[in-house]
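Note that the working numbering gives residue 649 to position 99 of the sequence shown, counting from 1, and the numbers run on in steps of one. C-beta atoms are modelled at their ideal positions from N, C-alpha and C, and glycine is treated no differently.
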Amino acid sequence: MSEDQKKMIRDVHFDGLLKIECSTIPAEFANWLMGKDFKYELDVDAINFIHNKYGILEGSAPKIEEIIKRIKNNKDANEDFLRSWLMIAVSTFLCPPTSLGISPRCYPSLVDVSRVKKLNWCQFVVDQLKVAAKKINTKNSVKGCILLLVIIYADSLAVENVQIPATMPRIAVRTRKLLNEAIKLDMNHDGSFGKLKWCRTLLSKWMTYLALYPQKLREIWHQRRRGKYVKL
551 MSEDQKKMIR
561 DVHFDGLLKI
571 ECSTIPAEFA
581 NWLMGKDFKY
591 ELDVDAINFI
601 HNKYGILEGS
611 APKIEEIIKR
621 IKNNKDANED
631 FLRSWLMIAV
641 STFLCPPTSL
651 GISPRCYPSL
661 VDVSRVKKLN
671 WCQFVVDQLK
681 VAAKKINTKN
691 SVKGCILLLV
701 IIYADSLAVE
711 NVQIPATMPR
721 IAVRTRKLLN
731 EAIKLDMNHD
741 GSFGKLKWCR
751 TLLSKWMTYL
761 ALYPQKLREI
771 WHQRRRGKYV
781 KL
């Protein structure tokens with residue numbers, strides 16, 4: 551990826567995704583965190599636009615690997631590169647589908663790439679997590695940015711003797727090694743999690759958005775609000 555292409559990504563405020571340090575998700579921990587209770591839509595005009603741009607046959611969806619190949623072959627910082635890169639960002643990180651294809655539901659937001667930075671992507675990610683959490687009992691797989699929940703939870707733990715940098719964005723800090731250390735310390739004898747106390751200062755920051763989170767985080771918060779936290 552050229553510097554001009556990276557700048558194009560920075561200009562639409564997606565550069566944080568270029569700094570992700572954790573390449574895999576701690577599956578068992580993420581499943582526990584999700585719990586057991588618990589404009590992204592089809593648009594004909596947007597579908598036709600993308601199909602024409604990418605030469606896609608009607609009734610089919612482009613494969614993720616095909617779009618990745620298209621990105622690698624594009625050496626220019628143009629709209630085609632940015633649109634393709636955003637497709638991959640949405641389909642592999644922000645709201646990955648259960649298939650290996652690009653979901654046409656992301657098309658409406660990517661028709662006019664000049665508007666991408668004006669869209670509320672944070673709310674989109676949270677909304678998709680809420681939808682995924684409600685379907686947790688009926689699906690064998692979960693769509694949504696699970697790494698977000700994992701990092702929020704890990705960041706709120708009062709972990710002793712582990713140096714956690716204060717760097718922003720947080721995805722640039724939380725390597726899989728750091729996550730594993732926090733998860734191990736938070737594990738109970740029965741294999742469940744929730745052993746550690748929470749940092750009050752971090753909780754106040756995250757719980758501003760409490761109503762947006764899945765049921766599991768709300769349950770954990772209510773269990774711990776009676777004093778199981780430490781003030782840093």
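Output yes or no for whether 8 angstroms exceeds the beta carbon distance between A704 and G694. Taking the first residue of the sequence shown as 1, we reach residue 704 at position 154. Taking the first residue of the sequence shown as 1, we reach residue 694 at position 144. It is not a contact, given that the beta carbons lie outside the stated cut-off.
Residues near F643 by beta carbon distance below 8 angstroms, same chain, minus five either side: By 1-based counting over the sequence shown, the position of residue 643 is 93. Within the same chain, F643 has close Cβ partners L567, I570, C695 and L697.
Just verifying my parser: in three-state terms, what is the DSSP assignment at K613? Your numbering for residue 613 matches position 63 in the sequence shown. DSSP places K613 in strand when its eight states are reduced to three.
To which residues of the same chain is S634 closer than 6 angstroms at the C-beta, ignoring the five residues directly before and after it? Residue 634 sits at position 84 when you count from the first residue of the sequence shown. Correct list, in chain order: I617, R620 and I621.
Collapsed DSSP secondary structure at F674 in the structure displayed: On the sequence shown, position 124 is the one that residue 674 refers to. Helix at F674.
Can you tell me where the alpha helix (DSSP H) holding Q555 begins and where it ends? Taking the first residue of the sequence shown as 1, we reach residue 555 at position 5. E553 to D561 is the extent of the alpha helix (DSSP H) around Q555.
Sufficient close CB pairs (3 or more, under 8 angstroms) joining the region 713-726 to the region 660-675: no
Do L746 and L707 have their C-beta atoms within less than 8 angstroms of each other? Here residue 746 corresponds to residue number 196 of the sequence shown, with the count starting at 1. Here residue 707 corresponds to residue number 157 of the sequence shown, with the count starting at 1. Cβ atoms of L746 and L707: closer than 8 angstroms.
Beta-carbon proximity list for T717, same chain, < 8 angstroms, skipping 5 on both sides: Counting from 1 along the sequence shown, the entry for residue 717 is found at position 167. Correct list, in chain order: V723.
With DSSP as the reference, label L707 as helix, strand or coil. Here residue 707 refers to the residue found at position 157 of the sequence shown. Of the three classes helix, strand and coil, the one that applies to L707 here is strand, per DSSP.
Out of Y604, K625, D593 and W671, which one is the CA nearest neighbour of Q555? Along the sequence shown, read from residue 1 onward, the residue named residue 555 stands at position 5. The option with the nearest alpha carbon to Q555 is K625.
Using a threshold of 8 angstroms, state whether the C-beta atoms of L729 and P576 are closer than that. For the purposes of this step, residue 729 is identified with residue 179 of the sequence shown, where counting begins at 1. For the purposes of this step, residue 576 is identified with residue 26 of the sequence shown, where counting begins at 1. Going by C-beta atoms, L729 is nearer than 8 angstroms to P576.
Is the CB-CB distance between R726 and S573 below 8 angstroms? The sequence position of residue 726 within the sequence shown is 176, counting from 1. The sequence position of residue 573 within the sequence shown is 23, counting from 1. Yes, these two residues count as a Cβ contact at 8 angstroms.
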